[in-house]
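Residue numbers (our numbering): 4 to 152.
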């Protein structure tokens, strides 16, 4: 499982011109599911995302998590995080999870975040989404459950 964590002042996602998710200060999370992902991958990414100390404390040091700051979370599915462009110019997505498995872990991630009492909004799995954000910092962190980076 891969995640792009972006600290934001605000973010929103639209489908067909309709607003379906919106947050204020917090994290915009682009979440990619791999075809071999298991519950352990989900647990690792969920723990990392919710525990990342990327928000400023009273001294202006990034020392607080989204839980500590009562920040908000917008989760957007992103199968293209498993795009492989090492051969040619057209990425291959063969390592991305199939629709049903991907949606299962996407929904399970959102449920896990809500169970941690994080205000969580979501995109529409598999839809053509338009995402707007105001990046804060900018702070962008890449996570991979296989720890490849």
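Yeah, the Cβ is synthetic: ideal placement off N, Cα and C, and Gly gets one too.
Residue i versus residue j - alpha carbon distance
i	j	result
residue 91	residue 84	17 Å
residue 27	residue 94	33 Å
residue 128	residue 37	15 Å
residue 113	residue 63	29 Å
residue 124	residue 141	21 Å
residue 115	residue 81	18 Å
residue 88	residue 143	22 Å
residue 150	residue 131	29 Å
residue 24	residue 137	15 Å
Whole-number beta carbon distance between residue j and residue i, since they are thought to touch under 8 Å
i	j	result
residue 78	residue 49	Not really, about 11 Å apart at Cβ, beyond 8 Å.
residue 4	residue 40	5 Å
residue 10	residue 139	5 Å
residue 122	residue 75	5 Å
Residue i burial status per 10 Å Cβ neighbour count (16 or more: buried)
i	result
residue 31	buried
residue 15	buried
residue 152	exposed
residue 6	buried
residue 20	exposed
residue 45	buried
Which residues DSSP lists as bridging residue i, in chain order
i	result
residue 26	14
residue 147	5
residue 118	Residue 118 is not bridged to any residue.
residue 80	34
If you pair each beta-carbon of the region 50–57 with each one of the region 92–109, do three or more pairs fall below 8 Å?
No contact exists between the region 50–57 and the region 92–109.
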